[in-house]
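Asks: Note that the protein sequences, when read in sequence, are chains Y and U. For the first sequence, numbering that gives the first Met the number 0 assigns the number 0 to the initial residue and increments by one for each residue that follows. For the second sequence, numbering that gives the first Met the number 0 assigns the number 0 to the initial residue and increments by one for each residue that follows. What follows is a structure written as structure tokens; I'll ask about it next.
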Amino acid sequence: MSTPFYVSPQQAMADRAEYARKGIARGRSLVVLQYADGIVFVGENPSRALHKFSEIYDRIGFAAAGKYNEYENLRIGGVRYADLRGYTYDRDDVTARGLANVYAQTLGTIFSSAAEKPYEVELVVAEVGETPEGDQIYRLPHDGSIVDEHGSVAVGGNAEQISSFLDQRHRDGMSLAEALKLAVQALSRDTNGSEREIPAERLEVAVLDRTRPQKRKFKRIVGRQLARLLAADGASTEAESADGAEDSEEE
Amino acid sequence: MEANTRGTGRLPAAFLTPGSSSFMDFLAEHQPELLPGNRQLPPVQGVLEAPHGTTIVAVTFPGGVVLAGDRRATMGNVIAQRDIEKVFPADEYSAVGIAGTAGLAVEMVKLFQLELEHFEKVEGAQLSLEGKANRLSTMIRSNLGMAMQGLAVVPLFAGYDLDREKGRIFSYDVTGGRSEEHNFAATGSGSVFARGAMKKLFRDDLTEEQATTLVVQALYDAADDDSATGGPDVARRIYPIITVITEDGFRRLTEQEASELSRSVLQRRLEEPDGPKAALL
């Protein structure tokens, strides 16, 4: 008969955090930036079908790094939460803050319950406001904490480096093309500081565009429009906002 | 984990259980009392009085489909509302117009819109037009209990089929029976008169503008002979709701456009009260 080894709570939590962080670090990082007309999500994703970004509700978008099946589960939970809440009350009563709280509670409970393995995910919940001041971005690490972000945020394995790169260069009121290019620049930097090329077809890009006439502001940017934005001269801001309106939906 | 969606606690297990992409299925499992079809109605003597919406018409044209409705809701012989809306976008490429018990109809549309949107978000792709039409069938069927007590909802569903590249119209009966209509269709109390008008005016080479004029003519004829259908109300500036769905998606005519269309039809009717004449042979 052996007595179980004593593990201090601090040690147990540190081990779980370590486990989750390692899992998240295996995936590629992604960034979420504010720009003049909304919020842009940019990540490297070789898959066209398995998305890292998606629409949760009218003005709310979701981004996730880490283990696909776990964040997909959370994403669908979020869509169900938002749709049920909007159906019970009103569409305006669905907010990013409410959703972020629910995610934080969910992740936190899972993280600290000994019966479950911690989720290896890091999420971003963003809501586009009527004006840039109304934009909200929340970052949700694996342990259920919640961070209110402004301007730019990166999640995933290499997040710290990318964040500091973005912090130095991101400014308010960037055009979509400028923000997109900055994001790609940030993502192309490797851990050791060297740069590599990310071809357009490996990029997943989506926006929450406050200028869309529809109630639903989430839109994926693909194909020709993406190529045009990447090629665009950073200064030409009007050209691409006009594109956004005319381009047809992919989904 | 309690099933609390109103507070800000952890997501209940049902939310994180992999399952169907249907919002209705999720509700049925998680909060069945919120589904309109699950509502228990006490036994009612005779017919329950509630505002009713009346005439909805639809017509296809090469490149799309037009769906329109009058604005009147009646309760017995009383006009309950003059500016009710009975035609709604279902999603980007389809619309639904509803005749029958107004309260239930509006609720059904709300759930139907949500059902399509939910599927689209979860799956990352739209339902086929056929799939959307079938979903609506299921919803009407779940309302059968109330329909038997006089609270029927009879929609007309129209959309642009992206695969077949044309506009299509589906009509329903109270039991959820679905049938595809060719060229034109109408539902509601004034529908017989509207259908007569459309039968005489329809051609298969209509332009979008001619198709929208056609539905206004049909609604005028419905209002002319059916007391529960309202004609264009120039004094109060209440005009029919006219929507057009094409490859470019759903569009509702602005009030300005609807008013111009209605006024020009009215103008002609001052000269010819029975409207345009079809050839005898």
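A virtual CB, placed ideally from N, CA and C, is assigned to each residue, including glycine.
To the nearest angstrom, report how far apart Y/Gly155 and U/Leu218 are at their CA atoms.
Replies: If you number the first sequence from 1, residue 155 of chain Y lands on position 156. If you number the second sequence from 1, residue 218 of chain U lands on position 219. Roughly 58 Å separates the two Cα atoms.
Asks: Is U/Val86 buried or exposed, if buried means 16 or more other CB atoms sit within 10 Å of its CB?
Replies: Here residue 86 of chain U refers to the residue found at position 87 when the second sequence is read from its first residue. With 16 or more other Cβ atoms within 10 Å, it is buried.
Asks: Is U/Phe25 close to chain Y, meaning its C-beta is less than 8 Å from at least one C-beta of that chain?
Replies: For the purposes of this step, residue 25 of chain U is taken as residue 26 along the second sequence, with counting starting at 1. At least one chain Y Cβ lies under 8 Å of U/Phe25.
Asks: Under 8 Å, Cβ to Cβ, is there at least one residue of chain U near Y/Asn132?
Replies: Here residue 132 of chain Y is taken as the residue at index 133 of the first sequence, counted from 1. Just to set this straight, residue 132 of chain Y is Glu in the shown sequence, not Asn. With 8 Å as the cut-off, Y/Glu132 does not count as an interface residue toward chain U.
Asks: If you count every other CB in all the chains shown that lies within 10 Å of the CB of Y/Ser144, and 16 or more means buried, which is it?
Replies: As a first step, residue 144 of chain Y must be located in the first sequence, where it is residue number 145. Classification of Y/Ser144: exposed, given that the 10 Å Cβ count is below 16.
Asks: With 8 Å set as the bound, which would you pick, yes or no: does the beta-carbon of Y/Gln135 sit closer than that to a beta-carbon of chain U?
Replies: Mapped onto the first sequence, residue 135 of chain Y falls at position 136. Not an interface residue.
Asks: Could you check if Y/Ala113 is buried or exposed, using at least 16 other CB atoms within 10 Å of its CB as the buried criterion?
Replies: Locating residue 113 of chain Y in the first sequence gives position 114, counting from the first residue. Exposed: under 16 other Cβ atoms inside 10 Å.
Asks: Sorry if obvious, but does the Cβ on Y/Lys180 come closer than 7 Å to a heavy atom of the ligand COA?
Replies: In the structure on display, the ligand COA does not appear, and there are no ligands present to speak of.
Asks: Count the CB pairs spanning the stretch 20-30 of chain U and the stretch 198-212 of chain U that are closer than 8 Å, and state whether there are at least three.
Replies: In short, these stretches do not touch, since the Cβ pair count stays below three.
Asks: Give me the residue from Y/Glu119, Y/Ile197 and Y/Phe40 with the minimum Cα distance to Y/Arg264.
Replies: Outside the shown range of chain Y (0 to 250) lies residue 264 of chain Y, about which nothing can therefore be said.
Asks: Kindly indicate the opening and closing residues of the alpha helix (DSSP H) around U/Lys109.
Replies: By 1-based counting over the second sequence, the position of residue 109 of chain U is 110. Here the alpha helix (DSSP H) through U/Lys109 covers Ala101 to Glu122.
Asks: Taking all protein chains shown into account, do 16 or more other C-beta atoms lie within 10 angstroms of the C-beta of U/Ala163, making it buried, or fewer, making it exposed?
Replies: As a first step, residue 163 of chain U is located in the second sequence; it is residue number 164 there, counting from the start. In the sequence as displayed, the identity of residue 163 of chain U is Arg instead of Ala. Exposed, because fewer than 16 other Cβ atoms sit within 10 Å of the Cβ of U/Arg163.
Asks: What's the gap between the Cα of U/Val152 and the Cα of U/Ala257?
Replies: Indexing the second sequence from 1 puts residue 152 of chain U at position 153. Indexing the second sequence from 1 puts residue 257 of chain U at position 258. The alpha-carbon atoms of U/Val152 and U/Ala257 are separated by roughly 26 Å.
Asks: For Y/Arg138, would you say it is in contact with chain U, using Cβ-to-Cβ distances shorter than 8 Å as the test?
Replies: If you number the first sequence from 1, residue 138 of chain Y lands on position 139. Answer no: the Cβ-Cβ gap between Y/Arg138 and chain U never drops below 8 Å.
Asks: Please state the DSSP three-state secondary structure of U/Thr253.
Replies: Looking up residue 253 of chain U in the second sequence gives position 254. Residue state, collapsed to three classes: coil.
Asks: My understanding is that Y/Gln104 touches U/Gly8, with C-beta atoms under 8 Å, so please give their C-beta distance in whole angstroms.
Replies: By one-based count along the first sequence, residue 104 of chain Y stands at place 105. By one-based count along the second sequence, residue 8 of chain U stands at place 9. That belief holds up - the Cβ atoms of Y/Gln104 and U/Gly8 are roughly 6 Å apart, short of 8 Å.
Asks: So, at 8 Å on beta carbons, what are the nonlocal neighbours of Y/Tyr80 in its own chain, with the 5 sequence-adjacent residues on each side left out?
Replies: Stepping through the first sequence from its first residue, residue 80 of chain Y is reached at position 81. Excluding residues within five positions, the ones whose Cβ falls inside 8 Å are Leu98 and Val101.
Asks: Taking buried to mean at least 16 other C-beta atoms within 10 Å of its own C-beta, is U/Glu259 buried or exposed?
Replies: Against the second sequence, residue 259 of chain U aligns to sequence position 260. It is exposed - the Cβ of U/Glu259 has fewer than 16 other Cβ atoms within 10 Å.
Asks: To which residues of the same chain is U/Gln80 closer than 6 Å at the C-beta, ignoring the five residues directly before and after it?
Replies: Within the second sequence, the letter at position 81 stands for residue 80 of chain U. Closer than 6 Å at Cβ, skipping near neighbours: Ala72.
Asks: Below 8 Å between beta carbons is the criterion; list the residues of the stretch 53-72 of chain Y that meet it against any residue of chain U, in chain order.
Replies: Under the 8 Å Cβ criterion, the stretch 53-72 of chain Y contributes Ser53, Glu54, Ile55 and Asn72.
Asks: Do three or more CB pairs link the stretch 132-143 of chain Y to the stretch 32-45 of chain U at distances below 8 Å?
Replies: With a cut-off of 8 Å, the stretch 32-45 of chain U and the stretch 132-143 of chain Y do not count as touching, because too few Cβ pairs lie within range.
Asks: Can you give me the C-alpha to C-alpha distance between Y/Glu54 and Y/Tyr5, rounded to a whole angstrom?
Replies: Counting from one through the first sequence, the residue named residue 54 of chain Y turns up at place 55. Counting from one through the first sequence, the residue named residue 5 of chain Y turns up at place 6. Cα to Cα, the separation comes out at about 45 Å.
Asks: Identify the residues that DSSP records as bridge partners of Y/Tyr56: which are they?
Replies: If you number the first sequence from 1, residue 56 of chain Y lands on position 57. Paired residue(s): Y/Ile59.
Asks: Is Y/Arg79 close to chain U, meaning its C-beta is less than 8 Å from at least one C-beta of that chain?
Replies: On the first sequence, residue 79 of chain Y is found 80 positions in, with the first residue counted as 1. It does; some Cβ of chain U falls within 8 Å.
Asks: Closest to U/Glu48 by CA distance: which of U/Gly102, U/Val56, U/Ile97 and U/Ser136 is it?
Replies: Locating residue 48 of chain U in the second sequence gives position 49, counting from the first residue. Cα-wise, what sits closest to U/Glu48 is U/Gly102.
Asks: For Y/Tyr86, would you say it is in contact with chain U, using Cβ-to-Cβ distances shorter than 8 Å as the test?
Replies: Sequence index remark: in the first sequence, residue 86 of chain Y carries index 87 (1-based). So, interface residue.
Asks: Taking only beta carbons into account, state which residues of the stretch 118-129 of chain U come closer than 8 Å to chain Y, listed in chain order.
Replies: Listed by position, the residues of the stretch 118-129 of chain U near chain Y (Cβ gap below 8 Å) are Glu119, Lys120, Val121, Gly123, Ala124 and Gln125.
Asks: Between Y/Val93, Y/Tyr86 and Y/Leu175, which has its C-alpha nearest U/Leu110's C-alpha?
Replies: Looking up residue 110 of chain U in the second sequence gives position 111. The option with the nearest alpha carbon to U/Leu110 is Y/Tyr86.
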